[in-house]
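Position one of the sequence shown corresponds to residue 1 (the working numbering), numbered consecutively onward. Virtual Cβ for every residue (Gly too), placed ideally from N, Cα, C. If you're wondering where the values come from, they're calculated on a predicted model, not measured in any experiment.
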Amino acid sequence: MSAPFPPLRDDLWGIEPYGAPQLSLEQAPVQLNVNENPYGPSPEAAADIARAVGRAAVSLNRYPDREFVELRTALAAYLDTSGGSGITPEMVWAANGSNEVMLQLLQAFGGPGRVALSFAPTYSMYPEYARDAMTEWVAGRRADDFSIDLDAARRLVEERRPTIVLLPSPNNPTGTALPPEAVAMLCEAAASYEPGGLVVVDEAYGEFRRAGTPSALELLPAHRNLVVTRTMSKAFALAGARLGYLAADPAICDALRVVRLPYHLSAVTQATALAALRHAPELLGRVDDLRAERDATVAWLREQGFEVADSDANFALFGRFADRHAVWQGLVERGVLIRETGPDGWLRVSIGTAEEMAAFKGALLDTVRGTDHQTDHETDHKVDDKMEEPA
């Protein structure tokens, strides 16, 4: 018998590539499935980005700044206004979306014989990063309210001794934020063994957190093994630009240089991100509107009898459905695309404009009138195999 072609790694055979369902605007005019900011860059910001890219275009025959010093300086300044304090350019790293940042962390600090750990349900790309970096994946379980049992979490970390602990806050797909004491405890647990582990707090949705919910950036001075990642895809409304970044001890940033590809951030990407940061207050100006729309959506869903997870993100996880796919399909048939992801029996809706959310509410009520949506509290928090969107 001949060997299969091409000579793919044995552990990759039969795996479907990453991807959320994509439908055209004709098929689903209301698209609330990948947690995008529904408000695009203003004409002023778009014009500034276009000018910056135009200036970069005349020197595209040259490689970009490999160390992207100007961009790291601007990102550090922004983080100091978004929950951080005393963050320097040497503490900042960036790549093509926080997905690439995460993969680089796994490439540098994971590998054969090492463990990456998180708590499910959580972002479904995490085990993919671990797989690609030949790292064993371990998933603990969250409680019924999607919080993390700190004592159980500490025991799991001390038992498995991961070199990477991945903690999204707010969590995707549940929207659950981590309290500072949980982050601090896990940093201490991951520092208690040799060679120790990094605790990576993924704040892709950090700008959407509710008032009084702190950022893990505040804990950086106290924990050398803490890494906080962010993205410009969500609150900054730049999903198409692909720019993610992190703040950490400079030694961690130095280590990532070993695994990064040469000139991994193009001159166009750097120019785009720098121009966007010049317009940060303007681009982030609709975040408060989206927070208010999120809270109103959560309240409305609960009024209709649905169970809804508390959310500090720009989406809401709600359920529970005996046949969630039938509900998802019913919404699609009514022109609204949301996400069939997370624990069995739940659906996730991104927060859009007021008009989009009104369309979602009407379509949901029309759908459930003909669908059994009785809640099922016996549903296990089993992670679905459908992917979330990139950060």
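Using a C-beta cut-off of 8 Å, the stretch 111-118 makes contact with the stretch 164-176, since at least three inter-stretch Cβ pairs fall below that distance.
DSSP places residue 302 in the uninterrupted alpha helix (DSSP H) bounded by 287-303.
Within the same chain, and ignoring the five residues on either side of residue 242 in sequence, the residues whose Cβ sits closer than 6 Å to its Cβ are 96 and 97. Assignment of residue 169 by DSSP, reduced to helix, strand and coil, places it in the coil class. Assigned with DSSP and collapsed to three states, residue 138 falls in strand.
Inter-residue distance for residue 197 and residue 326 is about 42 Å (C-alpha atoms, whole angstroms). Taking C-beta separations shorter than 7 Å and ignoring five residues to either side along the sequence, the partners of residue 298 in its chain run 308, 311 and 316, following chain order. Looking at the backbone, the Cα of residue 239 and that of residue 287 are separated by about 15 Å. About 14 Å separates the Cβ atoms of residue 303 and residue 357, ruling out a contact at the 8 Å cut-off. When the beta-carbon positions are compared, residue 56 and residue 368 stay at least 8 Å from each other. Under a 10 Å Cβ-count criterion, residue 265 is classified as buried, with 16 or more other Cβ atoms of the shown protein chains found around its own Cβ. Inclusion of residue 247 and residue 91 in the CB contact set at 8 Å is warranted, their separation being smaller than that value. Relative to residue 182, the option among 193, 195 and 200 whose CA is nearest is 200. In the structure shown, the three-state DSSP call for residue 81 is coil. Secondary-structure assignment with DSSP links residue 307 through a beta bridge to 319.
Taking the Cα positions, residue 216 is about 28 Å away from residue 347. Taking 8 Å as the cut-off, the beta carbon of residue 38 is found no closer than this to the beta carbon of residue 341. Counting C-beta pairs with one atom in each stretch, the stretch 224-235 and the stretch 13-30 have fewer than three that are closer than 8 Å, which means they do not touch. Rounded to the nearest angstrom, the gap between the Cα atoms of residue 260 and residue 104 is 7 Å. Nearest neighbour of residue 363 by Cα position, chosen from 334, 343 and 345, turns out to be 334. Residue 88 sits exposed, since fewer than 16 C-beta atoms from the chains shown fall within 10 Å of its C-beta.
In the three-state reduction of the DSSP assignment, residue 124 falls in the coil class. About 6 Å separates the Cβ atoms of residue 71 and residue 94, confirming a contact at the 8 Å cut-off. Excluding its 5 nearest sequence neighbours in each direction, residue 86 has C-beta neighbours in its own chain below 8 Å: 80 and 221, listed in chain order. Counting only residues of its own chain and dropping the five nearest sequence neighbours on each side, residue 132 has no CB closer than 6 Å to any other CB. In this structure, the straight-line span from the alpha carbon of residue 291 to that of residue 18 is close to 29 Å.
Secondary structure note for residue 347: its beta strand (DSSP E) is the uninterrupted segment 346-350. Between residue 45 and residue 274, the beta carbon gap of about 12 Å keeps them out of contact (Cβ cut-off 8 Å). Per DSSP, the unbroken beta strand (DSSP E) holding residue 231 starts and ends at 226-231.
Residue 178 sits away from residue 192, with the two beta carbons spaced by 8 Å or more. In the three-state scheme derived from DSSP, where H, G and I count as helix and E and B as strand, residue 198 is classed as strand.
Non-local C-beta neighbours of residue 60 in its own chain, meaning closer than 7 Å and more than five positions away in sequence, comprise 267, ordered along the chain. In this structure, DSSP gives residue 98 a helical state, which the three-state scheme calls helix. Residue pairing by DSSP places residue 245 opposite 94 and 230 in a beta bridge. When rounded, the separation of the alpha-carbon atoms in residue 250 and residue 351 is 36 Å. Inclusion of residue 227 and residue 203 in the CB contact set at 8 Å is not warranted, their separation being larger than that value.
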